[in-house]
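K.L.:
The following block contains the structure, expressed as structure tokens.
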Amino acid sequence: MSQQLPDVQASSPDVTVGLNRVGVTGVEKLVKLGRRDRDPIVLMAEFEVFVDLPSWRKGADMSRNMEVIDETLETAVSEEAYRVEDVCGDAAELLLEKHDYTTKAEVRMEAEYVTHEKTPESGMATQSTADIIASATATEDGTSEEIGARVTGMTVCPCSQGMSASRARETLQQLNVEDDVIEEFLETNPQAGHSQRGHATLTVQSDGAPEVDLNELIEVARDSMSARIYNLAKRPDEDHMTYEAHKDAKFVEDCVRALAEGVVETFPDLPDDAVVTMKQSNDESIHQHNAHAERVAQLGDLRQEVGE
Numbered sequence: 005m006s007q008q009l010p011d012v013q014a015s016s017p018d019v020t021v022g023l024n025r026v027g028v029t030g031v032e033k034l035v036k037l038g039r040r041d042r043d044p045i046v047l048m049a050e051f052e053v054f055v056d057l058p059s060w061r062k063g064a065d066m067s068r069n070m071e072v073i074d075e076t077l078e079t080a081v082s083e084e085a086y087r088v089e090d091v092c093g094d095a096a097e098l099l100l101e102k103h104d105y106t107t108k109a110e111v112r113m114e115a116e117y118v119t120h121e122k123t124p125e126s127g128m129a130t131q132s133t134a135d136i137i138a139s140a141t142a143t144e145d146g147t148s149e150e151i152g153a154r155v156t157g158m159t160v161c162p163c164s165q166g167m168s169a170s171r172a173r174e175t176l177q178q179l180n181v182e183d184d185v186i187e188e189f190l191e192t193n194p195q196a197g198h199s200q201r202g203h204a205t206l207t208v209q210s211d212g213a214p215e216v217d218l219n220e221l222i223e224v225a226r227d228s229m230s231a232r233i234y235n236l237a238k239r240p241d242e243d244h245m246t247y248e249a250h251k252d253a254k255f256v257e258d259c260v261r262a263l264a265e266g267v268v269e270t271f272p273d274l275p276d277d278a279v280v281t282m283k284q285s286n287d288e289s290i291h292q293h294n295a296h297a298e299r300v301a302q303l304g305d306l307r308q309e310v311g312e
């Protein structure tokens, strides 16, 4: 008869301090999302799985966490119309159930998601990518779930553009162009400003699964910047993107406010206590640093502020 191996994790630690998050990161799994009357979407997803740990226990059951993820994902791939946030929610609830010493379980998932579209001028078929962000937190009081995305777009600096417009106005005045003609020209021909590649992140969290459509969230995020960008672009498409971006120059702060406005307008049925996370980061083209702005707020507060 083989000797039973000791459960070292269940022993007492030398320093009796509790830990908020103990688990595994970088767990890669295939997730298949069923769609009605269409082929399923297969995602290569990366998971993070955590539980809290009481002060009297030395370690968490890492192998058990992996067992729960495998069990949950096996169930997920056999389901039709399965939402990624529910994958996280089910896993978090199973973690809570299987770890009798924990009071909170968290599961987070990210995966690259592909959408199909046409270029704005040439009408050529192309693809765009977004990073899906999903998470869930389970406690004895219930489970909250989060869904959202991170997308890439283009922004133009209003300050830089303002300086270019001022220079153009002075030059036209020196050429004796009438003031009303100058203003009309500048209105219809936005001047140069330094452009940036922008990254917009938008997520919604609520008790249970947020009643939002992932594709609509992605659209709100892509529309929050100065212009959309496309993986494929002919010359007319490049001209379109450049013009649109300079016509709607935005700071990072403006982009976050556009996210707030977009969520309020697009999801009127979401409850006021839903938590919205909005972030914008720009890769600066004329600086070595990047620009960043963010806001986390309940939707009711955003509704009130947007309506003011």
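Residues in the sequence shown are numbered from 5 upward in steps of one, following my numbering.
Using N, Cα and C, we set each Cβ at its ideal position, and we do this for glycine too.
Everything numeric in this text was worked out from a predicted model, so none of it was measured.
Would you list the one or two residues that DSSP bridges to N286?
P.N.:
Here residue 286 is taken as the residue at index 282 of the sequence shown, counted from 1. DSSP lists G202 and A295 as partners of N286.
K.L.:
Going by C-alpha to C-alpha distance, which of S210, H198 and N24 sits closest to E288?
P.N.:
For the purposes of this step, residue 288 is taken as residue 284 along the sequence shown, with counting starting at 1. Here the closest residue by C-alpha is H198.
K.L.:
Straight-line CA distance for A196 to A253?
P.N.:
Residue mapping note: residue 196 aligns to position 192 of the sequence shown, counting from 1. Residue mapping note: residue 253 aligns to position 249 of the sequence shown, counting from 1. One C-alpha to the other measures close to 10 Å.
K.L.:
Quick check on the burial criterion: 16 or more other C-beta atoms within 10 angstroms. Buried or exposed for P214?
P.N.:
Sequence index remark: in the sequence shown, residue 214 carries index 210 (1-based). Label assigned to P214: buried.
K.L.:
Should A85 go down as buried or exposed, given a rule of 16 or more other Cβ atoms within 10 Å for buried?
P.N.:
Walking along the sequence shown from the start, residue 85 turns up at place 81. Note that A85 scores 45 on pLDDT, short of 50, meaning its location in the model is unreliable; the coordinates nonetheless yield the value given after this. Its Cβ having fewer than 16 others within 10 Å, A85 is exposed.
K.L.:
Pick out whichever of L23, E309, I233 and V31 has its Cα sitting closest to the Cα of T156.
P.N.:
Position 152 of the sequence shown, counting from 1, holds the residue named residue 156. When each option's Cα is compared against that of T156, the closest is I233.
K.L.:
Using three-state DSSP, classify F189 as helix, strand or coil.
P.N.:
Along the sequence shown, one-based indexing puts residue 189 at 185. If DSSP states are grouped into helix, strand and coil, F189 belongs with the helices.
K.L.:
Can you say whether T133 is buried or exposed, counting buried as having 16 or more other CB atoms within 10 angstroms of its CB?
P.N.:
Residue numbering aside, residue 133 sits at position 129 when the sequence shown is read from its first letter. By the 10 Å Cβ count, T133 comes out exposed.
K.L.:
Cβ atoms of Y105 and I136: under 7 Å apart, would you say?
P.N.:
Position 132 of the sequence shown, counted from the start, is the residue given in the question as residue 136. Position 101 of the sequence shown, counted from the start, is the residue given in the question as residue 105. No; because the gap between Cβ atoms is not below 7 Å, this pair is not in contact.
K.L.:
Report the rounded CA-to-CA distance for E149 versus P272, giving the unit in angstroms.
P.N.:
For the purposes of this step, residue 149 is taken as the residue at position 145 of the sequence shown. For the purposes of this step, residue 272 is taken as the residue at position 268 of the sequence shown. Those two C-alpha atoms are separated by around 19 Å.
K.L.:
By a C-beta neighbour count over all protein chains shown, 10 Å radius and 16 as the cutoff for buried, is G304 buried or exposed?
P.N.:
Along the sequence shown, one-based indexing puts residue 304 at 300. Exposed, by the Cβ-count rule.
K.L.:
Buried or exposed, going by whether 16 or more other CB atoms sit within 10 Å of the CB of V267?
P.N.:
The residue you call residue 267 lines up with position 263 of the sequence shown. When all chains shown are included, V267 counts as buried.
K.L.:
Do three or more CB pairs link the stretch 122 to 129 to the stretch 157 to 167 at distances below 8 Å?
P.N.:
No, they do not touch.
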